[in-house]
Amino acid sequence: TNPLSVGAEWINSTSGEVWICTDITAGENVWKSTGPHSSGTVQPAPVFVGGTGLFGAGDTSGSGGYTDIVDYVTISSLGNATDFGDLTVGRDAESCASSGSKGLWAGGYIGSSTVSNVIDIVVISSIGNATNFGDLTEARQGVTAVGDGTKAVIAGGYSNSCSCTKDVIDYVTVESVGDAADFGNLTNSRWANAGVASETRGVFMGNATTMDY
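Residue 16 is where the sequence shown starts when you use our numbering, and the numbers rise one by one after that.
Put into structure tokens, the structure is as follows:
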């Protein structure tokens, strides 16, 4: 249904589960499960949740064997990964994000003391090689990416040109091919972070005690 106001309530008479509407956008309502019988779920599921998992790049030997291989799995089915295709360049210490329909890889170390500014992209539903999406605002490895289903935000990293960590935050709109733009800065320079995100907020943590968002 399309309720008239945020806070509209619906009760499942079988399970006792209570749902509260948190977004009344017509045809795209968002309902959160709450109360003592809550399953903690949101309907519909966030747009960036999909059924395929992609894994790409990395150091295969521990001594400079930087791969361009991308594998995939169907998350609902146990089993080994299958070859998806190749990135435009083999790399390690990159980061990745997704819109749900497209996945991208950004930055990374490509060997011989060289870091990359390259952003690659694939269409998740179409097995095949990645294509070039654009470039980061500056080359760096150990970046951290988060996404909200529309934008990918790429933070921090290590620059070999200055032998220093970075506080740079870039962003791209995943569905629009092009170079990254400046988003802002972390509270301090760092690299090799972890990142988590919801549809509204991204959090960067690690390599320091501070969590930024």
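For each residue, glycine too, the CB sits at the ideal point set by N, CA and C.
One question on the structure: do residue i and residue j come within less than 7 Å of each other, judged by their Cβ atoms?
i: Tyr87; j: Leu69; result: yes
i: Val158; j: Ala121; result: yes
i: Ser114; j: Gly193; result: no
i: Gly199; j: Ile184; result: yes
i: Asn175; j: Ser204; result: no
i: Gly66; j: Ile90; result: yes
i: Asn132; j: Leu102; result: no
i: Val130; j: Ala112; result: no
i: Phe148; j: Ile134; result: yes
i: Gly105; j: Val85; result: no
i: Asn201; j: Ala223; result: The sequence shown places Leu at residue 201, rather than the Asn named in the question. Taking 7 Å as the Cβ cut-off, Leu201 and Ala223 do not qualify as a contacting pair.
Tell me whether residue i sits in a helix, a strand or coil according to DSSP, three-state version.
i: Tyr228; result: coil
i: Thr215; result: coil
i: Thr40; result: coil
i: Glu153; result: coil
i: Asn147; result: strand
i: Thr89; result: strand
For residue i, which residues of its own chain have a beta-carbon under 6 Å away from its beta-carbon, when the five flanking residues on both sides are left out?
i: Val137; result: Gly118, Ala145
i: Val187; result: Ala167, Ala195
i: Ala108; result: Gly123, Tyr124, Gln156, Gly157
i: Lys230; result: Because the chain in this structure spans residues 16 to 228, residue 230 falls outside the shown range and cannot be described.
i: Asn95; result: none
i: Ile39; result: Pro18, Val21
Just to confirm, does residue i get its C-beta within under 6 Å of one of the non-hydrogen atoms of the ligand PLP?
i: Thr165; result: As for the ligand PLP, it is missing from this structure, which has no ligand bound.
Need the endpoints of the beta strand (DSSP E) that residue i sits in, please.
i: Ser48; result: 45 to 49
i: Ile125; result: 124 to 126
i: Val137; result: 133 to 138
i: Thr67; result: 67 to 71
i: Val168; result: 166 to 170
Hey, is residue i's beta-carbon within less than 7 Å of any beta-carbon in chain C?
i: His52; result: Of the chains in the structure shown, none is chain C; there is only one protein chain.
Once you ignore the five residues that flank residue i on each side, which residues in its own chain have a CB closer than 7 Å to its CB?
i: Ala209; result: Thr159, Met220, Gly221
i: Tyr228; result: Arg216, Gly217, Val218
i: Asp74; result: Gly80, Tyr81, Asp107
Suppose the cutoff is 8 Å on Cβ atoms and the five residues either side in sequence are ignored; what does the same chain contact list for residue i look like?
i: Met226; result: Val218, Phe219, Met220
i: Pro51; result: Gly31
Would you mind listing the beta strand (DSSP E) stretches within the segment 172 to 211 that are 3+ residues and don't spill past its ends, in chain order? 179 to 188, 196 to 205, all fully within the segment 172 to 211.
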